[in-house]
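> Numbering (the working numbering), first residue to last: 345 to 605.
C-beta atoms are modelled at their ideal positions from N, C-alpha and C, and glycine is treated no differently.
I am attaching a structure below and will ask some questions about it afterwards.
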């Protein structure tokens with residue numbers, strides 16, 4: 345009989361803490377949240393996730409299952425008509441912080457004259473878009489809060505094309521499950537279609553009334569105040585619509601996929 349590995353007490357404690365962190369924000373009633381925090385055990389985690397907790401691999405599998413469950417719950421709770429708060433210009437964070445998995449000096453330099461936004465997947469019109477063509481579309485603006493998974497937030501002023509309008513213009517299949525993004529800095533991510541169609545989701549072309557600076561994502565950033573910062577890709581080069589799960593740079597390393605703020 346194969347001998348199963350046992351978790352150390354510290355590993356078990358870390359696994360339970362992570363499971364509680366993933367689940368607790370999705371339980372609305374405080375008394376139920378407190379009950380989960382006090383009583384969730386490895387056995388309960390195994391039952392909840394359908395995974396056997398017999399070693400580190402079992403922990404990872406269980407936490408992955410809980411994370412997928414959390415994604416589903418966030419999707420069910422998401423209200424496509426609810427707007428994120430907006431703010432007056434006096435509350436804009438200056439300077440707006442730079443954030444990426446590399447230093448600001450390593451942000452990609454994209455040549456505007458050569459830039460073409462690539463379109464692929466379940467869309468009727470796959471022609472590439474120049475920045476001039478995108479700027480010629482009706483523009484919207486918002487002053488909203490960017491919330492980082494690391495615990496900080498900042499308020500910024502973003503302008504661009506409503507993503508729902510753009511998807512309609514290219515004949516996207518809005519019954520598809522996902523919209524994916526590939527970026528000039530090798531970043532990639534994907535979002536649910538409900539968020540893609542949310543009225544505050546922007547293909548951002550400007551920041552604070554000027555052309556989107558390199559450090560904030562030139563030539564284009566997807567801005568979603570309903571998502572955490574890592575779901576807002578910068579330097580977008582390609583957009584595709586699909587029913588196949590596309591994952592994401594951080595999501596493939598264990599971050600929640602839905603990433604609601």
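Please state whether DSSP places residue 448 in a helix, a strand or coil.
helix
> Which class does residue 584 belong to by DSSP, given the choice of helix, strand or coil?
strand
> Can you tell me whether residue 519 is buried or exposed, with buried defined as 16 or more other CB within 10 angstroms of its CB?
exposed
> Start and end of the alpha helix (DSSP H) containing residue 497?
Counting along the chain, residue 497 falls outside any alpha helix (DSSP H), though it belongs to the beta strand (DSSP E) covering 497-506.
> Indicate the three-state DSSP secondary structure (helix, strand or coil) for residue 597 in the structure shown.
helix
> Which value, in whole angstroms, describes the spacing of the CA atoms of residue 440 and residue 487?
12 Å
> Is the CB-CB distance between residue 568 and residue 545 below 8 Å?
yes
> Would you report the Cα separation of residue 503 and residue 595, rounded to the nearest angstrom?
Here the alpha carbons of residue 595 and residue 503 stand approximately 27 Å from one another.
> Can you find the residues in the same chain that come closer than 8 Å, C-beta to C-beta, to residue 495, ignoring five residues on each side of it along the sequence?
Sequence-distant partners of residue 495 (beyond 5 residues in either direction) whose C-beta falls short of 8 Å from its own C-beta are missing from its chain.
> What residue range does the beta strand (DSSP E) around residue 433 cover?
Premise fails: residue 433 is in no beta strand (DSSP E) and is neither H nor E.
> DSSP has residue 486 in a bridge; who is on the other side?
502
> Counting pairs of beta carbons, one from the region 445-452 and one from the region 465-479, are three or more of them closer than 8 Å?
no
> Quick check: what's the CA-CA separation for residue 535 versus residue 456?
Those two C-alpha atoms are separated by around 26 Å.
> Take residue 579 and list the residues in its own chain whose beta-carbon comes closer than 8 Å to its own, dropping the five residues that flank it on each side.
451, 452, 454, 527, 528, 529, 531, 561, 562, 563, 564, 565
> Three-state secondary structure (DSSP) at residue 554?
strand
> Can you look up residue 457 in the DSSP assignment and give me helix, strand or coil?
coil
> Under the three-state reduction of DSSP, which class applies to residue 478: helix, strand or coil?
helix
> Terminal residues of the continuous alpha helix (DSSP H) containing residue 538?
537-540
> When you compare each of 583, 550, 604 to residue 466 by their alpha carbons, which one comes out closest?
583
> Residue range of the beta strand (DSSP E) that residue 523 falls in?
522-527
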